[in-house]
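Numbering (this note's numbering), first residue to last: 10 to 193.
Each residue gets a CB set at the ideal place from its N, CA and C atoms; glycine is no exception.
Bear in mind that the values here come from a model prediction, so they are computed numbers and not experimental data.
Structure first, then comments.
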Amino acid sequence: MLDRTQEQALMKRVAKGDKTAFRDLALLYQKPLTSFCLSMMNGHEAFAEDVVQQTLITWWQKAPLWDVDKGKLQAWVFTIAANKCKDYLKRSHIHQAIEEADIVVDDNSVLKLKKSSQRSHILKAMAKLNAKQKQVIWLYYFGEMKQADIASSLQMTVKNVEVNLYRAKKVMNEFLKDEKENLL
């Protein structure tokens, strides 16, 4: 990734309609966005790809609205993605289809776990979380965002972020503990 100053410079160019600058930023964010959306869509690749495309379009269209003083570019972009995921789920009524879908893991995803079985268990555990918990877990651990930045981007309090992190970790730990016991 670029440092914050470089990102800001590119975003200023994007806000003025510079397609090359946007392409450069979009290429940097493509894999993390895809992984995030894949997680939010419980591994359904086609839906995740649609949401990533919608996110990129919205990012391009709303680039002039981004305010450097209100937070990191990463938080802003992932907020767009999170909102697009929610909208997509509401609009297409795929909640049931996603819950029943097999979990598919993209080897290029940000989840750099050593074994594919570990990756699968983590994604299955994340599938047990509600949408808000998934967003918080993803942004905190995989997006490496601070709780204050997550709170700002998801429009919630820092305390609410802490509660969602705690509950998500508890649900995931219980699921993974049960999975481990079933394997033995």
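Taking the alpha-carbon of C46 as reference, which of L163, T64, V167 has the nearest alpha-carbon?
T64
Nearest-angstrom Cα distance between N169 and A160?
8 angstroms
Thinking just about the alpha-carbon of each residue, which of K178, A84, R100 is nearest to the one in A134?
K178
Measuring CB to CB, does L163 end up less than 8 angstroms from Q144?
yes
Report yes or no: do three or more beta-carbon pairs, one from the stretch 23-32 and one from the stretch 85-99, lie closer than 8 angstroms?
no
Consult DSSP for E16 and reduce its assignment to one of helix, strand or coil.
helix
Is it true that the CB of V61 sits closer than 8 angstroms to the CB of M50?
no
Go ahead and pull the three-state DSSP assignment for H130.
helix
For the alpha helix (DSSP H) that contains W75, what are its first and last residues?
Run containing W75: none; DSSP gives neither H nor E here.
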